[in-house]
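**Student:** Sharing a structure below in structure tokens format, with a few things to ask.
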Amino acid sequence: MNELTKKVFDKIDELSDKYLNVLIDACNIESKTEDKEGVDKVGAYFAAIAENMGYVIKKREFEKAGNVYSFTCNPTGKKKPISLSGHMDTVHKKGIFGYPTTKIDGDYVYGPGVNDCKGNIAVELLVMEALKSCGYDERPVKLILQSDEEVNSYLSDQKSLEFMVEEAKGSAAFLNAENIGAERKLTIGRKGITAHKITITGKKFHAGWCTKGASAIKEAAYKIIEFEKDNDNDAITFNCGIINSGTATNIVPDLCELFVEYRFKNMEQKKIADEKFKKIVETSYVEGTHAEAERISNRLPLEPDEKNKNLVNTINDICKQVGIEPFGMAETPGGADSAYPSLAGIPTVDSIGIEGSGCHTLNECARISSMAEMAKVVAAVIINFPE
Ligand SMILES: [Zn+2]
3 MNELTKKVFD KIDELSDKYL NVLIDACNIE SKTEDKEGVD KVGAYFAAIA
53 ENMGYVIKKR EFEKAGNVYS FTCNPTGKKK PISLSGHMDT VHKKGIFGYP
103 TTKIDGDYVY GPGVNDCKGN IAVELLVMEA LKSCGYDERP VKLILQSDEE
153 VNSYLSDQKS LEFMVEEAKG SAAFLNAENI GAERKLTIGR KGITAHKITI
203 TGKKFHAGWC TKGASAIKEA AYKIIEFEKD NDNDAITFNC GIINSGTATN
253 IVPDLCELFV EYRFKNMEQK KIADEKFKKI VETSYVEGTH AEAERISNRL
303 PLEPDEKNKN LVNTINDICK QVGIEPFGMA ETPGGADSAY PSLAGIPTVD
353 SIGIEGSGCH TLNECARISS MAEMAKVVAA VIINFPE
């Protein structure tokens, strides 16, 4: 291990209590995605830390989504930048964790966003301060904060993702900090997800003469079976998650709303899934019914391609140099923003963050001692990255 890496590791240990408090403060500000005021408060909290540290701050404001930021340390560094990222919104309704929202029990912290994803932002800010205070200035280190990740960025009409890709342009690597599991696997593949609302119309009729009507529910039933019949967890899956319809048992229903999402591993599968979806929507299985689809959200896949696998190999080589156990690689069916820098050609890895579990539940927790452990990984990568 070189002198600087060692110095930065010691600094991380020294600063880790400070950034545990940053994690707690940030998670005590509730920020469900749709609560712009809450998400903006989290952004302002992190921006105040960045300002205090003298990082270059860029902000983009949105009407419905929370504002997004980038913080850059060493903007004039000669080597290629490395981008870090995380999101400030959570899925949790205000108040469901009680107050204070964030609690410590032994080596674990519980609360909304402790691992998904504000705890990771605290780790990244810890890395940046440790590097800066040890005099590291070889490359720009950029932290890009997202505001509507949990809703596939529809609130900003994906402008938050455009900001992310713009800011990350030219980076040697993009390290997205979703939480990592105890089995220590870095994520190199995530599925893309497309969601639609389908409105089916039919013909209302008295149930006694039901063959004269056209049942929108019956049409929905055919469509659901068609959508889901070839589901393959390792490839394309369709899920009809919500269905709204009907007024009485003695009436043939003339309206049914169906909410459907489908997931795919790569752009090739997306094309197949898009076509299947369109064909089923356009086909009337029950004569006299008609369906229209409206897209609600769309997120592209993080493809486990060579550049992303090579990035994990580079991270593991650096880990071995500095005495950290190397990581495994994983693919998951859950989507994330990391798809976008990867599709823009930047080597990207996901889940390089705090160790945690229970995200999207009241058991969301993170292991406190993993903050310093993972900060050391990220810092070592920034200092020792070959490009
Ligand atoms: Zn989440």
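Going by the numbering used here, the sequence shown opens with residue 3, and the numbers climb by one from there.
By construction, the Cβ of each residue, glycine as well, lies at the ideal position given by its N, Cα and C atoms.
1. Any heavy atom of ligand 1 closer than 8 Å to the CB of D107?
2. Under a Cβ-count criterion, where at least 16 other Cβ atoms within 10 Å of its own Cβ denotes burial, should A170 be classed as buried or exposed?
3. Using a Cβ-Cβ cut-off of 7 Å (strictly less than) and excluding sequence neighbours within five positions of N17, which residues of its own chain qualify?
4. Expressed to the nearest angstrom, what Euclidean distance is found between the alpha-carbon atoms of K411 and E270?
5. Count the CB pairs spanning the stretch 349 to 366 and the stretch 178 to 195 that are closer than 8 Å, and state whether there are at least three.
6. Whole angstroms is fine: what's the gap from E65's alpha carbon to S158's?
7. Do the stretch 360 to 367 and the stretch 217 to 229 meet, that is, are 3 or more Cβ pairs less than 8 Å apart?
8. Are L22 and M373 close, meaning C-beta to C-beta below 9 Å?
9. In chain order, what residues of the same chain lie with their CB nearer than 6 Å to the CB of L145, ignoring the 5 residues before and after it?
10. If distances are taken between C-alpha atoms only, which option among I385, V314, K378, I298 comes closest to Q160?
11. Please report how far the alpha carbon of F176 lies from the alpha carbon of S247, in whole angstroms.
12. Three-state secondary structure (DSSP) at G204?
13. C361: beta carbon under 8 Å from a heavy atom of ligand 1?
14. Using 9 Å as the threshold, is the C-beta distance between T285 and G204 below it?
15. At which residues does the beta strand (DSSP E) containing L177 begin and terminate?
16. What is the residue span of the alpha helix (DSSP H) that G40 lies within?
17. Below 8 Å, is the gap between the Cβ of V93 and the nearest heavy atom of ligand 1?
18. Answer with buried or exposed for M166, where buried requires no fewer than 16 other C-beta atoms within 10 angstroms of its C-beta.
19. State the Cα-Cα distance for the pair E152 and S162, rounded to the nearest angstrom.
20. Kindly indicate which residue of A382, G358, D12, N386 has the alpha-carbon position closest to the one of G113.
21. Enumerate in chain order the residues of its own chain whose CB-to-CB distance from Y264 is below 6 Å, with the five nearest sequence positions on each side excluded.
22. Here's a check: name, in chain order, each residue in its chain whose Cβ is nearer than 6 Å to the Cβ of F88, leaving out the five neighbours to either side.
23. What three-state label does DSSP hand I84 in the structure shown?
24. Buried or exposed for T213, please, with buried defined as at least 16 other CB atoms from any protein chain shown within 10 angstroms of its CB.
25. Ends of the alpha helix (DSSP H) at F11?
26. Should D150 go down as buried or exposed, given a rule of 16 or more other Cβ atoms within 10 Å for buried?
**Tutor:** Once the coordinates are examined:
1. Residue numbering aside, residue 107 sits at position 105 when the sequence shown is read from its first letter. No, since every heavy atom of ligand 1 falls outside the 8 Å radius drawn around the Cβ of D107.
2. As a working mapping, residue 170 is identified with position 168 in the sequence shown. By the neighbour-count criterion, in which 16 or more other beta carbons inside 10 Å mark a residue as buried, A170 falls on the buried side.
3. Here residue 17 is taken as the residue at index 15 of the sequence shown, counted from 1. What sits at residue 17 in the sequence shown is Leu, not Asn. Excluding positions up to five away in sequence, the list reads L128, E131, A132.
4. Outside the shown range of the chain (3 to 389) lies residue 411, about which nothing can therefore be said.
5. Output reads yes: the stretch 178 to 195 touches the stretch 349 to 366.
6. The residue you call residue 65 lines up with position 63 of the sequence shown. The residue you call residue 158 lines up with position 156 of the sequence shown. For E65 and S158, the distance between alpha carbons rounds to 8 Å.
7. Too few Cβ pairs lie closer than 8 Å, so no.
8. Numbered from its first residue, the sequence shown carries residue 22 at position 20. Numbered from its first residue, the sequence shown carries residue 373 at position 371. In this structure, the beta-carbon distance from L22 to M373 falls below 9 Å.
9. For the purposes of this step, residue 145 is taken as the residue at position 143 of the sequence shown. Counting only Cβ-Cβ distances below 6 Å, and skipping sequence neighbours, we find F73, L86, E126.
10. Stepping through the sequence shown from its first residue, residue 160 is reached at position 158. Restricting attention to I385, V314, K378, I298, the CA atom closest to the CA of Q160 is found in I298.
11. Residue 176 sits at position 174 when you count from the first residue of the sequence shown. Residue 247 sits at position 245 when you count from the first residue of the sequence shown. Approximately 45 Å between the Cα atoms of the pair.
12. Here residue 204 is taken as the residue at index 202 of the sequence shown, counted from 1. Coil.
13. Stepping through the sequence shown from its first residue, residue 361 is reached at position 359. Answer for C361: yes, Cβ within range of ligand 1.
14. Here residue 285 refers to the residue found at position 283 when the sequence shown is read from its first residue. Here residue 204 refers to the residue found at position 202 when the sequence shown is read from its first residue. Between T285 and G204, the CB-CB gap reaches or exceeds 9 Å.
15. Reading the sequence shown from its first residue, position 175 is the one you call residue 177. 175 to 178 is the span of the beta strand (DSSP E), which, as asked, contains L177.
16. The sequence position of residue 40 within the sequence shown is 38, counting from 1. G40 -> alpha helix (DSSP H) spans 38 to 55.
17. Looking up residue 93 in the sequence shown gives position 91. At a cut-off of 8 Å, the beta-carbon of V93 counts as near ligand 1: some heavy atom of the ligand is closer than that.
18. Residue numbering aside, residue 166 sits at position 164 when the sequence shown is read from its first letter. Buried: at least 16 other Cβ atoms inside 10 Å.
19. Taking the first residue of the sequence shown as position 1, residue 152 is located at position 150. Taking the first residue of the sequence shown as position 1, residue 162 is located at position 160. The straight-line gap separating the alpha-carbon atoms of E152 and S162 is approximately 12 Å.
20. One-based indexing of the sequence shown puts residue 113 at position 111. For G113, the closest of A382, G358, D12, N386 by C-alpha to C-alpha distance is G358.
21. Looking up residue 264 in the sequence shown gives position 262. The beta carbon of Y264 sits closer than 6 Å to the beta carbons of T196, F240, A275 from its chain, once the five residues preceding and following it are set aside; these are given in chain order.
22. The residue given as residue 88 occupies position 86 in the sequence shown. Contrary to the premise, residue 88 reads as Gly rather than Phe in this sequence. Result list for G88: C119, N122, I123, A179, in chain order.
23. For the purposes of this step, residue 84 is identified with residue 82 of the sequence shown, where counting begins at 1. In the structure shown, the three-state DSSP call for I84 is strand.
24. Translated into positions along the sequence shown, residue 213 becomes position 211. Classification for T213: exposed.
25. Position 9 of the sequence shown, counting from 1, holds the residue named residue 11. It spans 5 to 30 - the alpha helix (DSSP H) in which F11 sits, taken as one unbroken run.
26. As a first step, residue 150 is located in the sequence shown; it is residue number 148 there, counting from the start. D150 comes out buried.
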